[in-house]
Amino acid sequence: MSARRNPLAGSAAFATAPRRPQGQAPPAPRRAAGRGDERRGGGRPDHDRCRRTRHPHGQRLRTGARANARTRARVDQSTSTRRVTRPLSCSSFMAQDCIFCQIVRGEAPASFVYQDDAVIAFMDIQPITQGHMLIAPRGHAVFMKDVPDEVAMRAFFVARKLAALVPATLGAGGVNLFVADGEVAFQDVPHFHIHVIPRYTGDGFSLTFPPSYETPPSRAQLEAIASAIHTAAH
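First residue of the sequence shown: 5, per our numbering; consecutive thereafter.
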């Protein structure tokens, strides 16, 4: 059975390590300092028991140049990066630990595009493409189902408005709106958010599909799935 592939595989190839003269010892590994280290003056985070990936905006989306060791085996092209880990479902996780909540409170820096009383929009500090923005609710909510209806509608409304500005403002040829909702969907930030990703010809960002995509389900299968979802919704 083939390995599951990251649907947000980027185009950057693994960097090739320089050759080391024979007999020379490898250099000692260096750990890159994270934003939390700057606040604490160095040292390891105090929540290592909760293993999960950390984005430079806290935890980061596992795509392209953001792939971690586990995901790198599942995507065609990616690059490695430093990691601090914590699970999305960690019971000890609180809003004060959430980097997006810290941004909302003004405790962590961000380049804001839009703000109102319900949502914020700011630039991704390691964008997939130029102009990559994130829209998040002010209130802490891990998954989309946790977001109040009116706030969720506001978030998508703002995402739509900002996406409409991208072609004329940045010269993009299109836009992807993306939500990673749940660990299996490659969610790494434990705070619901929408990605607005401008697209440019030859930008190297691609979507991949499983082999089953080439064999569509039968109408009967589609009807059965539709019926189950319809029943659950009513």
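Each residue gets a CB set at the ideal place from its N, CA and C atoms; glycine is no exception.
- Distances from the CA of I132 to each of V179, T173 and A140 were compared; the closest alpha carbon is that of V179.
- D101 and M127 have their C-alpha atoms some 20 Å from each other.
- DSSP, reduced to helix, strand and coil, places Q134 outside both helices and strands of the structure shown, so it counts as coil.
- Rounded to the nearest angstrom, the Cβ distance from P220 to L174 is 36 Å, too far for a contact under 8 Å.
- With 16 or more other CB atoms across the displayed protein chains lying within 10 angstroms of its CB, Q106 is buried.
- Counting C-beta pairs with one atom in each stretch, the region 110–125 and the region 138–145 have three or more that are closer than 8 Å, which means they touch.
- Beta-bridge annotation (DSSP): R203 is paired with G178.
- Rounded to whole angstroms, the Cβ separation of V200 and L181 is 6 Å, and the two are in contact under 8 Å.
- DSSP places A184 outside both helix and strand once states are collapsed to three, so it counts as coil.
- A distance of 8 Å or more separates the beta carbons of F147 and D192.
- Beta-bridge partners assigned by DSSP to M127: M137.
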